[in-house]
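The block underneath contains the structure these notes are about, expressed in structure tokens.
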Amino acid sequence: MYLHREHLAEFEAFVHQYHRMRGEGLLPHVAGIALEGPLLASHGGTPAATVWAPSRHEWERLAALGPYGLTYTVLSPDAFSPASQLHDEPTARDTGFDWLIPLLMAHGIRPALGHFTRADPLRSAEQVDEIVERAWQSEWSGTGVRVVTDHLFNDMPLLIRHAFRSARARAERDAVIASYDLPGWTLNQMARIAGPVPAAIMRQAAAGRIGACINFDGEHVDLAIAARAVQLMGVENSMMMTDRCDSARLGGQDLHHRVDNALWYQQDGIVAAGSVPLARQMANAQSQGLSPEDVRTLAAGTAHRVFGLPVRSEARLPVA
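Just so you know, the sequence shown maps onto residues 38 to 357 in my numbering.
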């Protein structure tokens with residue numbers, strides 16, 4: 038969900054209502070609530086009005102929602118850097134990750150890393166490692182893995198071309214992918230190949246310290262790149278993220294399609310969401326050589342482990 042600052046009280050009431058309904062068994066398939074933002078260094082496809090730097094008091098109000106169902110909040114590791122669009126906000130100076138991460142951990146809320154600037158990739162990668170280390174050193178009131186991500190390869194500095202969204206780009210796709218020598222990729226070489234930020238995330242995920250989300254719609258990230266990343270991180274550390282939206286309006290902004298793909302775009306041409314259902318993403322992953330068992334882990338198994346969820350015996354995954 039996106040959160041406007043002026044709607045914080047309404048969001049608090051919403052989360053408490055969710056908790057009551059969940060407790061009454063009315064929402065068995067909604068495992069929690071997540072926020073995209075508000076602490077984002079680069080808003081990307083997120084509505085700009087929902088990007089802001091909470092004060093300490095506002096963070097304390099958000100953190101208090103953890104026991105009631107707020108599961109994670111997407112934040113930028115470089116949100117407090119000079120290149121961040123939040124750098125000059127007065128409330129940004131009141132907080133910092135030394136204070137914020139332990140607060141979130143104490144209330145069972147995971148930081149989800151994403152929306153990076155492109156100003157200093159090396160420093161951004163260091164900040165990924167610092168947040169992960171701080172999270173794993175803090176007191177944790179939740180279950181499962183303490184750090185997750187927004188979708189890997191999107192909204193971060195890269196050295197590779199990770200997506201081929203237009204007809205012209207797709208005409209070049211096979212040659213570009215062949216030049217990357219995907220079978221030769223190793224975790225130790227990812228900083229040189231793809232960039233320091235994705236390398237840091239993938240390394241931490243492979244170590245079991247991050248639950249990494251990745252999109253298999255074939256449009257956010259090329260399927261061959263997505264599959265190779267999963268192989269390197271381990272399917273047990275990777276989660277399929279749909280980013281699907283069924284409406285032409287999201288977060289108060291109108292969206293539109295282009296003729297080249299099924300993505301949703303904002304007016305300024307930035308990708309806001311996808312439209313590919315989970316069943317097709319699962320088929321896409323299997324088309325890249327992942328086994329049916331691995332695909333089930335990607336689509337459900339890892340998420341259950343990462344978020345500390347019980348496995349329901351009657352649970353069924355969609356089929357294409």
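By construction, the Cβ of each residue, glycine as well, lies at the ideal position given by its N, Cα and C atoms.
Note that this is a predicted model, so its numbers are computed, not measured.
Cβ distance (whole Å) where Ser161 is taken to contact Val88 below 8 Å: Actually they are not in contact, since the Cβ atoms of Ser161 and Val88 sit about 17 Å apart, beyond 8 Å.
Straight-line Cα distance separating His66 from Arg59: Rounded to the nearest angstrom, the two C-alpha atoms are 9 Å apart.
One or two residues paired with Ala231 in a DSSP bridge: Ala231 is not bridged to any residue.
The segment 251-259 touching the segment 42-56, judged by at least three CB pairs closer than 8 Å: Result no; under three Cβ-Cβ pairs closer than 8 Å.
Which of helix, strand or coil DSSP assigns to Trp301: When DSSP states are grouped into helix, strand and coil, Trp301 belongs to the strand group.
Three-pair Cβ contact test at 8 Å for the segment 139-157 versus the segment 196-203: Too few Cβ pairs lie closer than 8 Å, so no.
Best match in Glu163, Arg42 and Pro104 for proximity to Ile238 [C-alpha to C-alpha]: That would be Glu163, whose Cα lies nearest to the Cα of Ile238.
Exposure label - Gly289; buried when at least 16 CB within 10 Å: The residue is exposed, with fewer than 16 neighbouring Cβ atoms inside 10 Å.
CB contact flag (Met276, Gly248, <9 Å): By the CB criterion at 9 Å, Met276 and Gly248 fall inside the cutoff.
Cβ-heavy atom distance, Phe344 to the ligand ZN, below 8 Å: Because no ligand of any kind appears in the structure shown, any question about the ligand ZN cannot be addressed here.
Simplified DSSP assignment, three categories, for Pro148: Pro148: strand per DSSP, three-state reduction.
Close-in-space but distant-in-sequence residues of the same chain around Val343 (CB under 8 Å, 5 per side omitted): Correct list, in chain order: Gly181, Val182, Val185, Gly248 and Met276.
Integer Cβ distance of Ile307 from Gly82, believed to fall under 8 Å: Indeed they touch by this definition, with Cβ atoms about 5 Å apart.
Whole-angstrom C-beta distance between Arg281 and Ala320, which should lie under 8 Å: Between Arg281 and Ala320 the Cβ distance is about 15 Å, and since that is not below 8 Å, they are no contact.
Bridge partner(s) assigned by DSSP for Ala71: Bridge partners of Ala71: Tyr109.
Neighbour flag for Glu209 against chain C, beta carbons, 9 Å: Note that chain C does not occur in the displayed structure, where there is just one protein chain.
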